[in-house]
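Residue numbers (UniProt numbering), protein chains in the order written: chain A, 1 to 300; chain B, 1 to 300; chain C, 1 to 300; chain D, 1 to 300.
Structure record follows, encoded as structure tokens.
Protein chains: 4
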Amino acid sequence: MTEGKHIAMFGGDARQLEVVRFLQEAGAQLSLYGFDQLDTVDTSAVKKSWQTADLSNTDAVLLPVSGIQLNGTIESMFSNERVELSLEALKQTPAHCKVFTGIANDTLVKLCHAANRTLIPILDRDDVAIFNSIPTAEGAVMMVIQNTDYTIHSSKVAVLGWGRTGITVARTFHALGANVFVGARSSSHLARIEETGYTSFHTSDMQAHLNDVNICINTIPDQMLTKDILQTMSTNTLIIDLASKPGGTDFKYAEELGLKAILAPGLPGIVAPKTAGQILAKILSQLLQQNDEEAKGEVS
Amino acid sequence: MTEGKHIAMFGGDARQLEVVRFLQEAGAQLSLYGFDQLDTVDTSAVKKSWQTADLSNTDAVLLPVSGIQLNGTIESMFSNERVELSLEALKQTPAHCKVFTGIANDTLVKLCHAANRTLIPILDRDDVAIFNSIPTAEGAVMMVIQNTDYTIHSSKVAVLGWGRTGITVARTFHALGANVFVGARSSSHLARIEETGYTSFHTSDMQAHLNDVNICINTIPDQMLTKDILQTMSTNTLIIDLASKPGGTDFKYAEELGLKAILAPGLPGIVAPKTAGQILAKILSQLLQQNDEEAKGEVS
Amino acid sequence: MTEGKHIAMFGGDARQLEVVRFLQEAGAQLSLYGFDQLDTVDTSAVKKSWQTADLSNTDAVLLPVSGIQLNGTIESMFSNERVELSLEALKQTPAHCKVFTGIANDTLVKLCHAANRTLIPILDRDDVAIFNSIPTAEGAVMMVIQNTDYTIHSSKVAVLGWGRTGITVARTFHALGANVFVGARSSSHLARIEETGYTSFHTSDMQAHLNDVNICINTIPDQMLTKDILQTMSTNTLIIDLASKPGGTDFKYAEELGLKAILAPGLPGIVAPKTAGQILAKILSQLLQQNDEEAKGEVS
Amino acid sequence: MTEGKHIAMFGGDARQLEVVRFLQEAGAQLSLYGFDQLDTVDTSAVKKSWQTADLSNTDAVLLPVSGIQLNGTIESMFSNERVELSLEALKQTPAHCKVFTGIANDTLVKLCHAANRTLIPILDRDDVAIFNSIPTAEGAVMMVIQNTDYTIHSSKVAVLGWGRTGITVARTFHALGANVFVGARSSSHLARIEETGYTSFHTSDMQAHLNDVNICINTIPDQMLTKDILQTMSTNTLIIDLASKPGGTDFKYAEELGLKAILAPGLPGIVAPKTAGQILAKILSQLLQQNDEEAKGEVS
Ligand SMILES: NC(=O)c1ccc[n+]([C@@H]2O[C@H](COP(=O)([O-])OP(=O)(O)OC[C@H]3O[C@@H](n4cnc5c(N)ncnc54)[C@H](OP(=O)(O)O)[C@@H]3O)[C@@H](O)[C@H]2O)c1
Ligand SMILES: NC(=O)c1ccc[n+]([C@@H]2O[C@H](COP(=O)([O-])OP(=O)(O)OC[C@H]3O[C@@H](n4cnc5c(N)ncnc54)[C@H](OP(=O)(O)O)[C@@H]3O)[C@@H](O)[C@H]2O)c1
Ligand SMILES: NC(=O)c1ccc[n+]([C@@H]2O[C@H](COP(=O)([O-])OP(=O)(O)OC[C@H]3O[C@@H](n4cnc5c(N)ncnc54)[C@H](OP(=O)(O)O)[C@@H]3O)[C@@H](O)[C@H]2O)c1
Ligand SMILES: NC(=O)c1ccc[n+]([C@@H]2O[C@H](COP(=O)([O-])OP(=O)(O)OC[C@H]3O[C@@H](n4cnc5c(N)ncnc54)[C@H](OP(=O)(O)O)[C@@H]3O)[C@@H](O)[C@H]2O)c1
């Protein structure tokens, strides 16, 4: 049960508001650090200053989707001042307290290690990545509509990657009436692509399949659209690269060739912050509950 | 055959360029009036000045999608000067010459009547309206993504109207994972809506069905979202009104209630001018051919 | 309201049982003629003998889906004796009494005319035909699976006709992963077929499109698969003809050519009598209600 | 390349004929053991007697989908006599020769071990299982249509399992218009089920979700529909159990309760032997080629 839990939230963006709302409804006691400019919270959430944070009673610490910066500060849309989670503050927490973040970096890993607290990066989870793939795909749809003068319907769309994001992107463009071609490398992925109703091709064979597509959407976090491949593509092709920075495209070379290629990171937070926040909130509240059950030795 | 036909085009926007391209490839002889700032046409198309237009040899006159203005002038994206089709010029055309326009108004109807030339408003055609419903629906998708902070997937969407546009809009939002409710009034429409996999409701019963939708898309060219109905809707609902001006929504009252309601006319020309132009070009070229066959008494 | 209405049912098959159930729940008073072998009805339905039928109190007469035979008798699955609706009996009904049947023939039309009672053939209605197209399409699926040694998925399927049945058949086979080609003749149908995601062709051009299909499903009640067309088809093609007798196929010639062609009438009653009965029951009960409202002058 | 390869086929059913056809077209030299009643093969395939089999030249041995029996014999639809693959014969093969089978059992494993030859059970492969899931799902559709009196459209269908078969079964019934509920146990499966558009539930929570379904299709090879669960289900529910023998249902108890439950093994070979054969043939020919490349040290 989330009820009665003490949770300390440090910074964040619009998505965090959904988390606040969700946890409040679930009866959690929230202490908000770096939310001074926010006034839409009710009494179960108390805005506090991070400098004087007392976490001795805290069951869970929530960091933003972006985690903490390399220099240790935390971004917050709801405050002008910088927010920080100090090692001292974290050490004050009870031993069972866990630190939840969207993504983790070295700084955060070290901090939690030093404080001997468990760190849980929730964007790594398969279920979160799958739910996030939905706003990502809708963001890709929006970008394609904005950047073409023809319809997605009847266009030829190549999707690179049949992972958590690629599956959803393929479904979405196919649903809109595009002819969808999906590039993957495992034989079971190629079989599933065909079963689902798309055309499959092996990524080792991209040159033969990308030369006449209208739109190419990359979801593979690897150098896919290299010089060799880009050279074989039509200059009319629009490339949307969803893989996280630096993406899978040689953007400089694409520009030289006159190919429009767009790196589009962070779409869930841009096109559907509310949904993205709800995804986090739902998983967080499940994890908090499991946390609890484990503490009580009730794990099923 | 379009080959060898003399066609006079007066003004237009990006869509007309597709028509030019298509007709050129089909071997037509084009005279372009009001295209002075355009330089992407080859020799089979000759830019001319409308003041000195000689249409005595012309098999067909093409007007823009918007037709002519009430004051008789014609809009052109490719010229700074105003363009006109005078009665005198039209009278010079051979008797078999037809006038093709997107939409017609009184001024145009009278002009053609006075010149005794057949007027063909092609946007009225069912096939054109159905093909145009595709970019319209994609435009609606773009607007919804831009104007919400949640995903279309899993949202509740009401579509009003099961005509040429409504069918496509419903298919599109359903394909994206929305729960689609469609309002119509004929029993056969209600049956088809259910068969296709959506939930149907009778438009006389809107109040019971619109009060909890996230998004309401109107395609009915009638006063549908009146004060009475708007009052029953949640202020969180986004209204996209696709019906042509003035739309089916009491926009003033919606604003008073704090409901976001957007009139979104002319989407095909905005989101997919190339596709929209190709739709026109394809139909025009079929019609020119039929025209020909009729003239030759070869109609099948 | 169906409540309290006196309804006389004459004969029928499994579908009629759903009608009985539905009307009983709605509070109607049923007199059942030709149901002597049925024992699953409760007290609100009374089994009677047609020879001594007294219809003087009857608000509606319900005939089976098949109506009455040319010789005036009525088929019943629930009786060994023949059932009849005599002119005398029908004349006894109050003037407002209507006769509902699935389909009508000359004999029935004359009978009602002679008795001066309104005859309503409900299978003619668009909504009923659309709802019935669902079990029809599922029946076609079953027949195709039974009569081929390959999957529907990835096969090439031609559907002839884009009417109430054809639309549903096309949707169903496309949903199962077939490559669907639909033949129609109106330009708006051809446009809608493409918008929905299938390939369209004009029925005047069948020869070019049927020569390599795996499966051809006809829904057009006209001579479509004539000698000329059959000759161009592969002998491996399976033909399922859904058009009502005699179908649209030259079956004799198909057999000579070694083409497997199956006339498949009455699928709803065969594969889903319960659903087919519910469709009838739902519409009947709407019609009875309207009937009532009209009588009371309450028609909206 | 399959060209020029010597392949010995031992027994099989209709599926093997597709394999024969495919390999012949690919230029393989086939020796057929246990095909004496078959006469549709051309000269590149030679029917031989297994008693005098000389496999000294053989690059690959192909066994049927069912492999060999526990007593060492091999089933063949095309012969009245029993067929056998003796240890002596197998030992004669060159060291690089591999043995391909659909499924393997102890007898076969021991045989290959004794002969020191690699055994490749191809039905275990993910790609083969995914392709086979298509005829399996179509078989399930056929069985459901045959065993219900209502349509799949609008019915409530529970699918247990989100593996290679369950994904396809869910897609297929959803495509036909059913309301699909899928039971799985991993959080990423539950997320993907929702993203795809179905309702998900945890298999630990079956009782709450199976009590009002029309159809329950099990694909989980474990005891799922136990007494406890069956007791909570409606006696109108149809159970189709696709899991391999003995299935996941307590069939005896289901019968006691009056629940119709059908174990439906081997559907691909029953409803679409040709497709099932082509799946095997395609993979076999890929594997033979890889085999070759490995032998030549050309593996990529
Ligand atoms: N732009 C946004 O808003 C946004 C949103 C969400 C995610 N992302 C990013 O999108 C990317 C994909 O995320 P995901 O969740 O879909 O990851 P994922 O589930 O791991 O999928 C990645 C896919 O790439 C394939 N792959 C990797 N290397 C490959 C190679 N060299 N050749 C062929 N295929 C290869 C993998 O195939 P195998 O299974 O064969 O290894 C896998 O299917 C990540 O960079 C993620 O950060 C961006
Ligand atoms: N925004 C854009 O970019 C864009 C693009 C294309 C079209 N449009 C506009 O969209 C509108 C619809 O176009 P369309 O091509 O879909 O027209 P349509 O095919 O004629 O469809 C209109 C539908 O509205 C229904 N309807 C009319 N009055 C009604 C009422 N009082 N109650 C319930 N239903 C009613 C009709 O139903 P019945 O069949 O029962 O009469 C019909 O199904 C038009 O105003 C058109 O100009 C806008
Ligand atoms: N087997 C069964 O179990 C079963 C079940 C239901 C119905 N049926 C039968 O199926 C048939 C179709 O029923 P339905 O309800 O779909 O009828 P429908 O709605 O009238 O559709 C018939 C279609 O055929 C087209 N058509 C007619 N003549 C044509 C021609 N010469 N060339 C091209 N197209 C032509 C019509 O096109 P236009 O719009 O251009 O005229 C229309 O789209 C009927 O015979 C019906 O009795 C059988
Ligand atoms: N009837 C036919 O014609 C036919 C055709 C093909 C296959 N089959 C049979 O169908 C069955 C499934 O085949 P498949 O290829 O789909 O296998 P699969 O890919 O391994 O899928 C099995 C699924 O069952 C789940 N599962 C296993 N134990 C579970 C449990 N206790 N609770 C909840 N989920 C559980 C697994 O989930 P996790 O991923 O969470 O482990 C997995 O998703 C096999 O028995 C196979 O032989 C029959």
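All C-beta atoms, glycine included, are put in the ideal place defined by N, C-alpha and C.
None of these values were measured; they are calculated from a predicted model.
Self-check item: Nearest neighbour of Y33 (chain B), chosen from B:N214, B:T52, B:L23, B:T2 [CA to CA]
Solution: B:T52
Quiz item: From which residue to which residue does the beta strand (DSSP E) around Q231 (chain C) run?
Solution: Counting along the chain, Q231 (chain C) falls outside any beta strand (DSSP E), though it belongs to the alpha helix (DSSP H) covering 227-232.
Exercise. Using DSSP bridges, identify the partner residues of K245 (chain A).
Key: DSSP lists no partner for K245 (chain A).
Quiz item: Going along chain B, which residues have a C-beta under 8 Å from L190 (chain C)?
Solution: D127
Practice problem: Find the nearest neighbour of S234 (chain A) within the set A:H209, A:L242, A:I145, judged by alpha-carbon distance. | Solution: A:H209
Exercise. Report the rounded CA-to-CA distance for L263 (chain A) versus T237 (chain A), giving the unit in angstroms.
Key: 14 Å
Exercise. Name the residue from D:T199, D:R185, D:A191 whose alpha carbon lies nearest to the alpha carbon of F173 (chain D).
Key: D:T199
Quiz item: What residues from chain D crowd round G177 (chain B), counting only those whose CB sits closer than 7 Å?
Solution: Here the neighbours are G197.
Quiz item: According to DSSP, what are the bridge partners of Q29 (chain B)?
Solution: B:H6
Quiz item: Hey, is G67 (chain D) close to ligand 4, as in C-beta under 7 Å from one of its heavy atoms?
Solution: no
Exercise. Check each residue of the segment 131-143 of chain C: if its Cβ is closer than 8 Å to any Cβ of chain D, include it; give the result in chain order.
Key: Against chain D - using a Cβ distance shorter than 8 Å - the residues of the segment 131-143 of chain C are I134, P135, E138, G139, V141, M142.
Self-check item: Where H113 (chain B) falls, given that 16 or more other Cβ within 10 Å makes a residue buried
Solution: Flag for H113 (chain B) reads exposed.
Quiz prompt | Exposure of P273 (chain B), with buried meaning 16 or more beta-carbon neighbours within 10 Å | solution = buried
Quiz item: Touching or not, the segment 210-224 of chain B and the segment 162-171 of chain B, by the rule of three or more beta carbon pairs under 8 Å?
Solution: yes
Quiz prompt | Cβ of S285 (chain D) within 8 Å of any chain A Cβ | solution = no
Practice problem: Just the C-alpha distance for G11 (chain D) and D36 (chain D), rounded to the nearest angstrom, thanks. | Solution: 10 Å
Quiz item: Which residue from A:L85, A:I103, A:T93, A:E138 puts its Cα closest to that of N116 (chain A)?
Solution: A:T93
Quiz prompt | Proximity winner among D:I145, D:A191, D:D39, D:S133, relative to F78 (chain D) (alpha-carbon distances) | solution = D:D39
Practice problem: May I have the straight-line CA-CA distance separating V128 (chain D) from A191 (chain A), to the nearest angstrom? | Solution: 8 Å
Self-check item: Proximal chain B residues relative to S244 (chain C), where beta-carbon distance stays under 9 Å
Solution: Within 9 Å Cβ-Cβ: nothing; S244 (chain C) doesn't reach chain B, min ~19 Å.
Quiz item: By the criterion of Cβ-Cβ separation under 7 Å, what are the contact partners of I240 (chain C) in chain D?
Solution: In chain order: nothing, as chain D lies at least about 14 Å away.
Practice problem: Out of C:A95, C:S66, C:R125, state which residue places its alpha-carbon closest to the alpha-carbon of D106 (chain C). | Solution: C:S66
Quiz item: To the nearest angstrom, how far is it from the Cα of V159 (chain C) to the Cα of S188 (chain D)?
Solution: 39 Å
Self-check item: Distance between L119 (chain C) and L288 (chain C) (C-alpha atoms, nearest Å)
Solution: 13 Å
Exercise. Report yes if the C-beta of D222 (chain B) is less than 7 Å from at least one heavy atom of ligand 2; otherwise report no.
Key: yes
Exercise. Evaluate P246 (chain A) with the Cβ neighbour count: other Cβ atoms within 10 Å of its Cβ, from every protein chain shown; 16 or more gives buried, anything less gives exposed.
Key: Exposed.
Quiz item: Does any C-beta atom of chain C lie closer than 8 Å to the C-beta of H153 (chain D)?
Solution: yes
Exercise. Starting from H202 (chain B), follow its DSSP beta bridges and name the residues at the other end.
Key: Secondary-structure assignment with DSSP links H202 (chain B) through a beta bridge to B:A184.
Quiz item: If residue 301 (chain B) sits next to F251 (chain B), beta carbons under 8 Å apart, how far is it from one beta carbon to the other, in whole angstroms?
Solution: Nothing in the structure corresponds to residue 301 (chain B), since chain B is present only between 1 and 300.
Quiz item: Within 7 Å: the Cβ of T232 (chain C) and any heavy atom of ligand 2?
Solution: no
Quiz item: Roughly how many angstroms separate the alpha carbons of S31 (chain C) and F131 (chain C), rounded to a whole number?
Solution: It is roughly 27 Å from the alpha-carbon of S31 (chain C) to the alpha-carbon of F131 (chain C).
Exercise. Please list, in chain order, all residues of the same chain as I122 (chain D) whose beta carbon is under 8 Å from its beta carbon, the five residues on each side excluded.
Key: Excluding positions up to five away in sequence, the list reads F100, T101, G102, V128, L280, I283, L284, L287.
Exercise. Report yes or no: is there a C-beta of chain D within less than 8 Å of the C-beta of S200 (chain A)?
Key: Chain D contact via Cβ: absent.
Practice problem: Report, in whole angstroms, the separation of the C-beta atoms of V29 (chain C) and K5 (chain C), which I expect to be a contact under 8 Å. | Solution: Note that residue 29 (chain C) is Gln in the sequence shown, not Val. The beta carbons of Q29 (chain C) and K5 (chain C) sit about 7 Å from each other, so the pair counts as a contact at 8 Å.
Exercise. Along the alpha helix (DSSP H) that carries A137 (chain C), what are the first and last residues, could you check?
Key: For A137 (chain C), the enclosing alpha helix (DSSP H) starts and ends at 126-147.
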